[in-house]
Amino acid sequence: MKGKLVATAVATSLALAGPAFAEPQQDRLQGLLDSFRQDYGFPGATAAMALADGSVVMAETGVADDETGTPMASDSRMLAASIGKSFVAMTALSLESDGVLSQSDLVSRHLGDRDWFTRLPNHGTMTVGDLLRHTSGLPDHVHLETFQSEMAARMAGGSAAFTPEEAIAFVLDTDPLFPAGESWGYSDTGYLLLGLVIEQASGAAYYDLVAERFLTPLGLSATTPSDTPILPGLAAGYVGENNPFGLPQRTMDDAGRLLWDPAMEWTGGGLASSSRDLAVWGHAVFGGAAMAEPYLDRLLDGVPVSPDAPGILYGAGVAIYADTPRGPVYGHGGWIPGYVSSLRHYADHGVTVAFQINTDVGIVDDSTDLVPALEAALADLAIGQGSGAGQP
Numbered sequence: 036m037k038g039k040l041v042a043t044a045v046a047t048s049l050a051l052a053g054p055a056f057a058e059p060q061q062d063r064l065q066g067l068l069d070s071f072r073q074d075y076g077f078p079g080a081t082a083a084m085a086l087a088d089g090s091v092v093m094a095e096t097g098v099a100d101d102e103t104g105t106p107m108a109s110d111s112r113m114l115a116a117s118i119g120k121s122f123v124a125m126t127a128l129s130l131e132s133d134g135v136l137s138q139s140d141l142v143s144r145h146l147g148d149r150d151w152f153t154r155l156p157n158h159g160t161m162t163v164g165d166l167l168r169h170t171s172g173l174p175d176h177v178h179l180e181t182f183q184s185e186m187a188a189r190m191a192g193g194s195a196a197f198t199p200e201e202a203i204a205f206v207l208d209t210d211p212l213f214p215a216g217e218s219w220g221y222s223d224t225g226y227l228l229l230g231l232v233i234e235q236a237s238g239a240a241y242y243d244l245v246a247e248r249f250l251t252p253l254g255l256s257a258t259t260p261s262d263t264p265i266l267p268g269l270a271a272g273y274v275g276e277n278n279p280f281g282l283p284q285r286t287m288d289d290a291g292r293l294l295w296d297p298a299m300e301w302t303g304g305g306l307a308s309s310s311r312d313l314a315v316w317g318h319a320v321f322g323g324a325a326m327a328e329p330y331l332d333r334l335l336d337g338v339p340v341s342p343d344a345p346g347i348l349y350g351a352g353v354a355i356y357a358d359t360p361r362g363p364v365y366g367h368g369g370w371i372p373g374y375v376s377s378l379r380h381y382a383d384h385g386v387t388v389a390f391q392i393n394t395d396v397g398i399v400d401d402s403t404d405l406v407p408a409l410e411a412a413l414a415d416l417a418i419g420q421g422s423g424a425g426q427p
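All residue numbers for the sequence shown refer to this note's numbering, where the first residue is 36 and numbers rise by one.
#1: Under the three-state reduction of DSSP, which class applies to residue 274: helix, strand or coil?
#2: Can you look up residue 411 in the DSSP assignment and give me helix, strand or coil?
#3: According to DSSP, is residue 112 part of a helix, a strand, or is it coil?
#4: Whose CA, out of 122, 170 and 157, lies closest to the CA of residue 340?
#5: Could you compute how far the alpha carbon of residue 365 sits from the alpha carbon of residue 160?
#6: Evaluate residue 265 with the Cβ neighbour count: other Cβ atoms within 10 Å of its Cβ, from every protein chain shown; 16 or more gives buried, anything less gives exposed.
#7: Quick check on residue 181: does DSSP put it in helix, strand or coil?
#8: Shortest alpha-carbon distance to residue 382 belongs to which of 401, 368 and 360?
#9: Using a Cβ-Cβ cutoff of less than 6 Å, which residues in the same chain neighbour residue 387 once the five nearest sequence positions on both sides are dropped?
#10: Using 9 Å as the threshold, is the C-beta distance between residue 411 and residue 281 below it?
#11: With contact counted as at least three CB pairs below 8 Å, one residue from each stretch, are the segment 366–379 and the segment 109–116 in contact?
#12: Do residue 274 and residue 140 count as a contact pair if the criterion is CB distance below 9 Å?
#13: If we ignore side chains and look at the alpha-carbon of each, how far apart do residue 104 and residue 237 end up?
#14: CB residue 235 to CB residue 310, shorter than 9 Å?
#15: Taking three-plus beta-carbon pairs below 8 Å as touching, is the segment 94–104 in contact with the segment 319–333?
#16: Helix or strand or just coil, what does DSSP make of residue 370?
#17: Is the beta carbon of residue 121 closer than 9 Å to that of residue 378?
#18: Between the alpha carbons of residue 153 and residue 147, how many angstroms are there, rounded?
#19: Can you find the residues in the same chain that come closer than 6 Å, C-beta to C-beta, to residue 176, ignoring five residues on each side of it along the sequence?
#20: Just to confirm my understanding: we take residue 189, look at its own chain, exclude 5 residues before and 5 after, and list those with CB closer than 6 Å. What are they?
#21: Give me the Cα-Cα distance between residue 56 and residue 246, rounded to the nearest whole angstrom.
#22: So, for residue 302: in the same chain, excluding its five sequence neighbours on each side, which residues have a beta-carbon less than 7 Å away from its beta-carbon?
#23: Leaving out five residues on either side along the sequence, give the residues of the same chain with a beta carbon under 6 Å from the beta carbon of residue 394.
#24: Please list the terminal residues of the continuous beta strand (DSSP E) segment that includes residue 347.
#25: For residue 131, which option in 167, 96 and 111 has the closest C-alpha, if you only look at C-alpha atoms?
#26: With DSSP as the reference, please indicate the residues paired to residue 380 in a beta bridge.
#27: Taking the alpha-carbon positions, what's the residue 290 to residue 93 distance?
#28: Do residue 129 and residue 253 have their C-beta atoms closer together than 9 Å?
#29: Is the distance from the Cβ of residue 157 to the Cβ of residue 214 below 9 Å?
#30: Going by DSSP, name the residue or residues bridged to residue 105.
#31: Quick one: what's got a C-beta closer than 6 Å to residue 66's C-beta in the same chain, skipping five residues either side?
#32: Taking the continuous alpha helix (DSSP H) assigned at residue 31, which residues delimit it?
#33: Would you call residue 300 buried or exposed, if buried means 16 or more other Cβ atoms sit within 10 Å of its Cβ?
#34: Does the beta-carbon of residue 419 have 16 or more other beta-carbons within 10 angstroms, so that it is buried, or is it exposed?
#35: Taking a contact to mean a Cβ-Cβ separation below 9 Å, would you say residue 96 touches residue 83 in this structure?
#36: Taking just the CA atoms, how far does residue 59 sit from residue 220?
Shown next, in the form of structure tokens:
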């Protein structure tokens with residue numbers, strides 16, 4: 036209950052902050068978004084800044100539906116993709132605070148009785164902490180050609196989403212990327228396993244836990260499970276013609292139904308959200324106020340993602356840029372067909388910024404600098420300092 040009271044207090048302070056300061060900031064944010072759309076040509080975007088005084092500033096630009104011309108609204112929702120991992124990780128940390136599980140637990144303690152478990156790479160050595168930090172050595176099923184071709188076939192045939200265990204099956208009997216705990220490799224597969232661990236250890240459904248512990252107390256009313264193709268208020272998403280999943284360029288039909296079932300993402304991300312909700316979430320989580328029990332030391336206990344980039348770490352569902360011109364930066368990015376999202380918290384300045392764009396064209400293949408450029412511009416605006424384009 037203490038955690039709920041703390042989170043509710045945070046949400047209330049964010050919602051009630053005075054508008055006097057926010058109004059000029061909103062005008063500047065609007066101008067920035069409009070300028071980026073003019074320069075980069077994306078259909079639409081939303082952005083939000085949770086500022087040090089507790090105010091939340093929002094803006095939107097362009098269209099939520101390019102065919103109908105429906106304008107983007109500040110509360111338009113999009114698939115948040117891997118930013119959802121921060122919610123999964125916080126749910127796991129909350130269960131650890133309750134004594135339900137531990138990061139030092141072997142995954143086999145919770146899932147070892149599954150008939151497929153011993154066919155997983157590193158099944159006998161990976162821990163819950165390895166799943167949280169992508170140090171399990173598991174491949175990432177999302178980027179396997181076998182998964183992509185089967186997903187394309189399911190989309191074309193209108194088949195149901197992969198269940199978590201069906202998705203995990205794509206890495207069974209494969210070689211590990213490295214011994215558990217000895218290196219880093221991003222793995223959505225590992226986060227599906229983490230979801231199964233959370234449910235096995237708690238005896239509750241993940242979506243019920245995250246709603247009870249975080250979404251409801253923090254007032255994140257725009258954030259819901261992306262467990263069905265019909266998600267009210269979702270902007271239409273757009274992909275490139277040659278995307279790996281064989282999707283049409285518009286990923287939604289005329290009735291507002293996604294042409295694929297996002298339920299297959301589950302604890303790899305698994306949420307639809309708004310920029311406002313993401314900014315409020317990041318402000319609470321990285322500010323240490325998302326639950327009453329101490330957790331920041333566990334959340335930010337990161338491992339290097341590459342020997343060539345010692346200042347970039349990955350904690351429990353969070354990317355950590357330990358030393359930047361703006362100080363330490365915490366957050367996560369998200370990509371899923373048709374949508375790109377970003378969440379960044381600038382710890383030394385007490386500000387959090389988030390944005391969502393309803394296309395991945397030119398972004399998923401890194402042929403444009405849109406995402407880092409917009410992250411930098413939003414940071415400059417929120418912090419109130421000069422240019423820093425190209426920096427986290």
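All residues carry an ideal CB built from backbone N, CA and C; glycine is no exception.
Reading from the atomic positions:
#1: Working through the sequence shown from its first residue, we reach residue 274 at position 239. Coil.
#2: Numbered from its first residue, the sequence shown carries residue 411 at position 376. Residue 411: helix per DSSP, three-state reduction.
#3: Looking up residue 112 in the sequence shown gives position 77. Residue 112 falls in the strand class under three-state DSSP.
#4: Numbered from 1 along the sequence shown, position 305 holds the residue referred to as residue 340. Of the listed residues, the one whose Cα sits closest to residue 340 is 170.
#5: Here residue 365 refers to the residue found at position 330 when the sequence shown is read from its first residue. Here residue 160 refers to the residue found at position 125 when the sequence shown is read from its first residue. So the two alpha carbons sit approximately 29 Å from each other.
#6: Counting from 1 along the sequence shown, the entry for residue 265 is found at position 230. So residue 265 counts as exposed.
#7: As a working note, residue 181 is residue 146 in the sequence shown. Correct three-state label for residue 181: helix.
#8: Taking the sequence shown and counting its residues from 1, the one referred to as residue 382 is at position 347. Ranking the options by Cα distance to residue 382, first place goes to 360.
#9: In the sequence shown, counting from the first residue as 1, residue 387 sits at position 352. Excluding positions up to five away in sequence, the list reads 85, 314, 317, 318 and 380.
#10: The residue labelled residue 411 in the question sits at position 376 within the sequence shown. The residue labelled residue 281 in the question sits at position 246 within the sequence shown. Cβ distance not < 9 Å, so residue 411 and residue 281 don't count as in contact.
#11: yes
#12: Residue numbering aside, residue 140 sits at position 105 when the sequence shown is read from its first letter. Residue numbering aside, residue 274 sits at position 239 when the sequence shown is read from its first letter. No, the pair does not count as a contact, with Cβ atoms beyond the cut-off.
#13: For the purposes of this step, residue 104 is identified with residue 69 of the sequence shown, where counting begins at 1. For the purposes of this step, residue 237 is identified with residue 202 of the sequence shown, where counting begins at 1. Roughly 45 Å between the two C-alpha positions.
#14: Here residue 235 refers to the residue found at position 200 of the sequence shown. Here residue 310 refers to the residue found at position 275 of the sequence shown. No; because the gap between Cβ atoms is not below 9 Å, this pair is not in contact.
#15: no
#16: Taking the sequence shown and counting its residues from 1, one reaches residue 370 at position 335. Correct three-state label for residue 370: strand.
#17: Here residue 378 is taken as the residue at index 343 of the sequence shown, counted from 1. Here residue 121 is taken as the residue at index 86 of the sequence shown, counted from 1. In this structure, residue 121 lies closer than 9 Å to residue 378 by Cβ.
#18: For the purposes of this step, residue 153 is taken as residue 118 along the sequence shown, with counting starting at 1. For the purposes of this step, residue 147 is taken as residue 112 along the sequence shown, with counting starting at 1. Whole-angstrom Cα-Cα distance: 7 Å.
#19: Within the sequence shown, numbered from 1, the residue matching residue 176 stands at position 141. Contacts found: 182, 202, 205, 206 and 224.
#20: In the sequence shown, the residue the question calls residue 189 occupies position 154. The answer is none, since no qualifying residue turns up.
#21: Your numbering for residue 56 matches position 21 in the sequence shown. Your numbering for residue 246 matches position 211 in the sequence shown. With a pLDDT of only 48 at residue 56, under 50, the local geometry of the prediction cannot be trusted, and no value is derived from it.
#22: Taking the sequence shown and counting its residues from 1, the one referred to as residue 302 is at position 267. The answer, listed in chain order, is 123, 226, 227, 229, 230 and 241.
#23: In the sequence shown, residue 394 corresponds to position 359, counting from 1. Within the same chain, residue 394 has close Cβ partners 77, 78 and 273.
#24: Position 312 of the sequence shown, counting from 1, holds the residue named residue 347. Residues 347–349.
#25: The residue you call residue 131 lines up with position 96 of the sequence shown. Closest option to residue 131, Cα to Cα, is 167.
#26: The residue given as residue 380 occupies position 345 in the sequence shown. According to DSSP, residue 380 bridges with 365 and 387.
#27: As a working mapping, residue 290 is identified with position 255 in the sequence shown. As a working mapping, residue 93 is identified with position 58 in the sequence shown. So the two alpha carbons sit approximately 28 Å from each other.
#28: For the purposes of this step, residue 129 is taken as residue 94 along the sequence shown, with counting starting at 1. For the purposes of this step, residue 253 is taken as residue 218 along the sequence shown, with counting starting at 1. No, the pair does not count as a contact, with Cβ atoms beyond the cut-off.
#29: Counted from its first residue, the sequence shown places residue 157 at position 122. Counted from its first residue, the sequence shown places residue 214 at position 179. Contact flag set, yes.
#30: Counted from its first residue, the sequence shown places residue 105 at position 70. Paired residue(s): 100.
#31: Counted from its first residue, the sequence shown places residue 66 at position 31. So no residue of the chain qualifies.
#32: An answer regarding residue 31 cannot be provided, because it is not within the stretch 36 to 427 covered by the chain.
#33: Translated into positions along the sequence shown, residue 300 becomes position 265. Answer is buried; the Cβ neighbour count reaches 16.
#34: For the purposes of this step, residue 419 is identified with residue 384 of the sequence shown, where counting begins at 1. Residue 419 should be labelled exposed.
#35: As a first step, residue 96 is located in the sequence shown; it is residue number 61 there, counting from the start. As a first step, residue 83 is located in the sequence shown; it is residue number 48 there, counting from the start. Contact flag unset, no.
#36: Position 185 of the sequence shown holds residue 220. Position 24 of the sequence shown holds residue 59. Roughly 42 Å separates the two Cα atoms.
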